[in-house]
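Asker: If you want this note's numbering, it's the position in the sequence shown, counting the first as 1, plus 14. C-beta: ideal position from N, C-alpha, C; glycine also. In this text, all values refer to a predicted model and were calculated from it rather than measured experimentally.
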Amino acid sequence: NATFDTTGTYISSFIVEINKTTGDIINLAELVEFPYFVGGYSSFDQNTGTLMLVGIDTSNMLKMIAFNSSDNTYVSGFVPGNVSEIVCDNSEFVQNNYILTGVKAETAISFDVYPNPATELLTIDYPTTEKLNIQLISSDGKRVLSQDFASGERLVMNVADLLPGLYLVKLLTGGKTATQKIVLR
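1. With distances taken from CA atoms, which of 145, 91, 192 is nearest residue 184?
2. Could you spell out where the beta strand (DSSP E) holding residue 170 opens and where it closes?
3. Check each candidate in 188, 175, 187, 140 and name the one with the smallest Cα separation from residue 168.
4. On the DSSP bridge assignment, give the partners of residue 80 in chain order.
5. Go through its chain and collect everything with a Cβ distance to residue 91's Cβ below 6 Å, but skip five positions before and after it.
6. How would you call residue 170, buried or exposed, if buried means at least 16 neighbouring beta carbons within 10 angstroms?
Structural data, given as structure tokens:
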């Protein structure tokens with residue numbers, strides 16, 4: 015956060031914290047010698063509580079600033095010319111501070127399609143009480159047939175009007191999808 019006098023002359027910059035509840039701006043540290051900052055060049059190290067950013071000092075030199083958020087102090091130094099990004103890997107912090115409570119197992123769905131190859135009728139066996147949609151996708155990626163069913167068990171689709179070739183049978187139900195290859199003659 016920069017401050018200027020009434021004539022627009024730069025006075026100082028501050029590292030600030032914004033109170034999420036009230037919106038109040040709290041000055042944490044004054045950075046008088048840095049009138050400008052380089053956007054996109056900041057990172058926060060959760061292990062050390064250090065905010066790292068790049069500022070342009072009053073001599074127009076790029077400087078790395080390491081702000082310690084626990085005691086509101088900072089150090090600054092030269093930024094090598096080949097630095098193009100500041101990255102902070104917080105994976106160690108996450109591993110040390112968060113626990114895995116469980117992983118929801120992905121429920122695989124499978125279904126039977128026959129006959130394969132098919133000529134006129136295609137039968138799909140998928141026992142379910144949920145609504146489902148079955149699509150036939152041609153080898154060039156076009157959906158050539160789509161049919162909704164109120165529930166499953168043994169579903170029959172007429173494929174007699176489709177051209178011979180390789181197709182995908184795509185079953186969609188309850189946010190899950192499964193596919194199988196089928197040949198039509």
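Answerer: Once the coordinates are examined:
1. 192
2. 166-172
3. 140
4. 66, 89
5. Counting only Cβ-Cβ distances below 6 Å, and skipping sequence neighbours, we find 78.
6. exposed
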